[in-house]
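Each residue of the sequence shown is one higher than the one before, starting from 2 at the first, in our numbering. Glycine is no exception: its CB is placed at the ideal position from the N, C-alpha and C atoms. Inspection log for the structure reproduced underneath, given as structure tokens.
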Amino acid sequence: MRDTVDYASLNAALRGLIYGVPHRVADLANASALLYDALPDLNWAGFYLMEGGRLVLGPFQGKPACIEIGIGRGVCGTAVRENKTQLVPNVHEFPGHIACDGASNSEIVIPLHDADGEVVGVLDIDSPLLGRFTEADRVGLEEFARVLECELWA
Numbered sequence: 002m003r004d005t006v007d008y009a010s011l012n013a014a015l016r017g018l019i020y021g022v023p024h025r026v027a028d029l030a031n032a033s034a035l036l037y038d039a040l041p042d043l044n045w046a047g048f049y050l051m052e053g054g055r056l057v058l059g060p061f062q063g064k065p066a067c068i069e070i071g072i073g074r075g076v077c078g079t080a081v082r083e084n085k086t087q088l089v090p091n092v093h094e095f096p097g098h099i100a101c102d103g104a105s106n107s108e109i110v111i112p113l114h115d116a117d118g119e120v121v122g123v124l125d126i127d128s129p130l131l132g133r134f135t136e137a138d139r140v141g142l143e144e145f146a147r148v149l150e151c152e153l154w155a
């Protein structure tokens, strides 16, 4: 059984890392590094940002990834289209899954919003383990996303 993540401490660490730092790309790079280091059993943690009506690869930790994802395509595009977190225990059962890394077996994607509530990107995390992400992860990572929104898009 894997260790439970202390999301309160993780989110406090994120606040301390990015508070008052006016460099969005650098902040997202550090956020992805923080996640990749703190959460066990990951093979990718990072961001896709909205650009020209598509998701474009942003800062991340892990293997090279898909550069553009259309809205409604794959788990990330579905999160944007539905404006809702996607917690996928088995990506191979997700209709239209995009396999950027064939080793990924589960995924969680959380939409990121600007001050007007518009989706500006997604937080995307993959694992080689089936069923890696739980409801507790969803809640903690949604709070992680809220910290980013308040600091970077407020």
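- With contacts defined by Cβ atoms closer than 8 angstroms, Val92 and Val81 do not form a contacting pair.
- Assignment of His24 by DSSP, reduced to helix, strand and coil, places it in the coil class.
- Beta-bridge partners assigned by DSSP to Ser105: none are found.
- A contact between stretches requires three or more CB pairs, one per stretch, nearer than 8 angstroms, and the region 135–155 fails this requirement with the region 98–107.
- Nearest C-alpha to Arg25 among Phe48, Ile99 and Thr5: Phe48.
- Residues of the same chain with their beta carbon placed closer than 7 angstroms to that of Arg147 are lacking, with the five preceding and five following residues left out of the count.
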